[in-house]
Every structure is written in C-alpha cells, then in structure tokens.
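Student: So the protein sequences, as listed, match chains A and B. Numbered according to the numbering used here, the first sequence spans residues 37 to 182. Numbered according to the numbering used here, the second sequence spans residues 51 to 173. A virtual CB, placed ideally from N, CA and C, is assigned to each residue, including glycine.
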Amino acid sequence: MIYRTPFPRDVFAELDRLQREMREAFDITPSIRGAARGGFPAMNVGGTPRSVEIYAFAPGVDPSAIEVQIEKGVLTIAGERKVEQPAQDAKAAVHIDERFAGRFRRVVTLPDDIDANAVEARYRDGVLHISIQRKQAAQPRRISIQ
Amino acid sequence: MTDTARKTETPRHEAALLPPVDVFEDAAGITLYADLPGVPKDRLNLQVEADTLTIEGEVTLDMPEGMEASHAEISLPRYRRVFTLSKELDADKVAAEFAHGVLKLRIPKAEHAQPRRVEIKVL
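(1) What residues in the segment 130–151 of chain A have a beta carbon less than 8 angstroms from any beta carbon of chain B?
(2) Would Ala157 (chain A) and Leu146 (chain A) qualify as a contact pair, given that the criterion is a beta-carbon distance under 8 angstroms?
(3) What residues of chain B sit near Glu50 (chain A), judged by a beta carbon separation below 8 angstroms?
(4) Assuming Gly138 (chain A) and Met117 (chain B) make a contact with CB atoms under 8 angstroms, what is their CB distance in whole Å?
(5) Can you list, in chain order, the residues of its chain with a C-beta nearer than 8 angstroms to that of Ala55 (chain B)? Leave out the 5 residues immediately preceding and following it.
(6) Please work out which residues of its chain come closer than 6 angstroms, Cβ to Cβ, to Gln105 (chain A), disregarding the five sequence neighbours upstream and downstream, and give them in chain order.
(7) Got a sec: is the Cβ-Cβ distance from Asp140 (chain B) to anything in chain A below 8 angstroms?
(8) Checking 8 angstroms against the spacing of the C-beta atoms, do Ile80 (chain B) and Val89 (chain B) come in under that value?
(9) Could you tell me whether any Cβ in chain B is nearer than 8 angstroms to the Cβ of Thr112 (chain A)?
(10) Which chain B residues are close to Gly82 (chain A), counting only those with a beta carbon under 9 angstroms from its beta carbon?
(11) Is it the case that the segment 136–148 of chain B contacts the segment 89–103 of chain A, given that we only count it when at least three CB pairs across the two stretches are under 8 angstroms?
(12) Could you name the residues of chain B that Gly96 (chain A) contacts, counting a contact when the two beta carbons are closer than 9 angstroms?
(13) Where does Lys171 (chain A) sit, in a helix, a strand or coil, going by DSSP?
(14) Ignore the nearest five residues each way along the sequence and tell me which others in Val155 (chain A)'s own chain have a CB closer than 6 angstroms to its CB.
(15) Can we count Phe93 (chain A) as close to the ligand GTP, meaning its CB is less than 7 angstroms from some heavy atom?
(16) What is the C-beta distance between Ser120 (chain B) and Val81 (chain A), in whole angstroms, given that I count them as a contact (C-beta under 8 angstroms)?
(17) State yes or no: is the C-beta of Gly75 (chain A) within less than 8 angstroms of the C-beta of Arg142 (chain A)?
(18) Mapping the DSSP letters down to three states, classify Pro158 (chain B) as helix, strand or coil.
(19) Roughly how many angstroms separate the alpha carbons of Lys171 (chain B) and Gly107 (chain B), rounded to a whole number?
(20) Starting from Met79 (chain A), trace the beta strand (DSSP E) in both directions and tell me its first and last residue.
(21) So, with DSSP's three-state summary, where would you put Glu57 (chain A)?
(22) Using a Cβ-Cβ distance under 8 angstroms, would Gly162 (chain A) count as near chain B?
(23) To the nearest angstrom, how far is it from the Cα of Leu139 (chain B) to the Cα of Lys154 (chain B)?
(24) So is Ala141 (chain B) buried or exposed if we call it buried at 16+ other beta carbons inside 10 Å?
(25) For Lys57 (chain B), does the count of other Cβ atoms within 10 angstroms reach 16, so buried, or fall short, so exposed?
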C-alpha cells in the first residue's frame, strides 16, 4: 500500500521553516535570563563603536524613584510605578485596565568592553535613556603604517 | 472607523503599536489614561471626529549617530489607538494632559458629540 499524504507538501516542514524565518526576522536570541519581552519597562538596546545605548520605556514613573545599577557587567533597572485611580464613587466602573502597576525590575547583560564609570542616564517623555561609554582601549583605532 | 476619521496626518495603513490604556467611568464622565513613552508633546495627535476618538503619537528618541539596534521591544516609531465614543459623551469638552509619556483624557458626559481637535495642556 502506498501512503499518500493528504497535503500537497509537507506541512510540518513548512511550519518549521516559517517559525525559523520568523525568529530570524525578529532577531530573538534566547538569553539565559529568559525571554523578557513583554515586561515592564519595555526596552530597546543599541550600540555604536563608542557606546552602548539602553532605552527603558517607563512612562509616568517618578525619575528619582528609578534605581539604575551596574554590577559585574549587569545593568539593573528597578522601581515602582503607581498608577493613578480616580476617586471611587458608587457609579464608578473600570472598563479597561491594561497599564502596568506595581514594582518592576529588569536586567540586561552588558558587553565586556563597557566603562561602568562613564554612564549617563536621562529621563525624557517617559523614556529612561542610559548611555554607557565603551573603554578607550576597546574602541576601534586606525593604525598608521610607517 | 468612519471615513472622516481617516483624514489624519498619518496615513492609516502605516503600522503602529497599540498603547496600553486604562479607562474609568464615573457619574460625570470617562477618564482615559494611555502610555505613550517616547512621544514628545508636539508629536501627539488627538482627534475627536463624530463618535471616533483617535490617539496617535510618534516616538522620538535621541539616538547617537550610527547606532545599530540589537534588541527592540518598541519596534515601530508610532502608536495609534482608536475608540468609539458613545452618544452621551461631550466631545466638545474633552480635556487632555500629557506628561512623562502618559496621556490623561477626561471626557465629560453630555448630549451631543461634534468634530473637534483636542488641545493639549502642557504640565
């Protein structure tokens, strides 16, 4: 008896390929600290030859209450977000409740070449921007030929 | 969405992030909070047309020259969210405050809803 697949092509192989392509397209590299995607604050990380740039999207958080720490090459951003609630009365109702409230902590592993003493953090429009310089020795240098 | 709601500055087809919101209702009206981190005040666009409320904002970050992103959770430079208002809300009296990336809208209850651009109050 000849087995004939009911599908014109191997669907499972197709699904596998699709999943792999999705992963590549979104560049999700699994980290030992877990897939933190979806946590608060949302984070974007980027870099230049001179610095590492971290953006933490933490709207409505008192900047003085955010704790930023670098220890052993790991950056930690922690704090608490208090979400305002309007005065409760008999007719009050909550229709949508999606915004994050409560304590948060997020951790990012930093590259080896950063200078933990040259860090700048700014809070603007609800975004905490942390800029960390790379060590001088690690920066690309042009070598002149004699 | 009605056709009138499409006449906004940003074309509808552009992909946008859906900002998280909280919506509370009390006897006098509705209060809406939306998280729009990274949007400066001048890039926030609020519109009430007929019974449609549109919240739009463009993300602007200070990025050093030549920066390459290695991980992005806010992967689009835009937020957009559209709500349908019910008839008893007074779109003429919408009050908006925007600070630290959080938008607060207060929509009182009334009889009619008319097209109107919402002014943003800076804190």
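Tutor: Reading from the atomic positions:
(1) Val130, His131, Ile132, Asp133, Glu134, Arg135, Phe136
(2) By the CB criterion at 8 angstroms, Ala157 (chain A) and Leu146 (chain A) fall outside the cutoff.
(3) Simply none; closest approach about 25 angstroms.
(4) Not confirmed; about 31 angstroms, so no contact.
(5) Note that Ala55 (chain B) scores a pLDDT of 41, beneath 50, so its modelled location is shaky and nothing firm can be said.
(6) Thr112
(7) no
(8) no
(9) no
(10) Met113, Pro114, Met117, Glu118, Ala119, Ser120, His121, Ala122
(11) Fewer than three beta-carbon pairs drawn from the segment 89–103 of chain A and the segment 136–148 of chain B are found closer than 8 angstroms, and the two stretches are therefore not classed as touching.
(12) Tyr83, Asp85, Pro87, Ala149, His150, Gly151, Val152
(13) coil
(14) Ile168
(15) Only the bare structure without any ligand can be found here, which leaves the ligand GTP out of the picture.
(16) 5 angstroms
(17) Taking C-beta atoms as the reference points, Gly75 (chain A) and Arg142 (chain A) count as a pair closer than 8 angstroms.
(18) strand
(19) 15 angstroms
(20) 78–83
(21) Helix.
(22) yes
(23) 16 angstroms
(24) buried
(25) Here Lys57 (chain B) scores only 45 on pLDDT, less than 50, and its place in the model should not be relied on; the value that follows carries that caveat. The residue in question, Lys57 (chain B), is exposed, as its Cβ has fewer than 16 Cβ neighbours within 10 Å.
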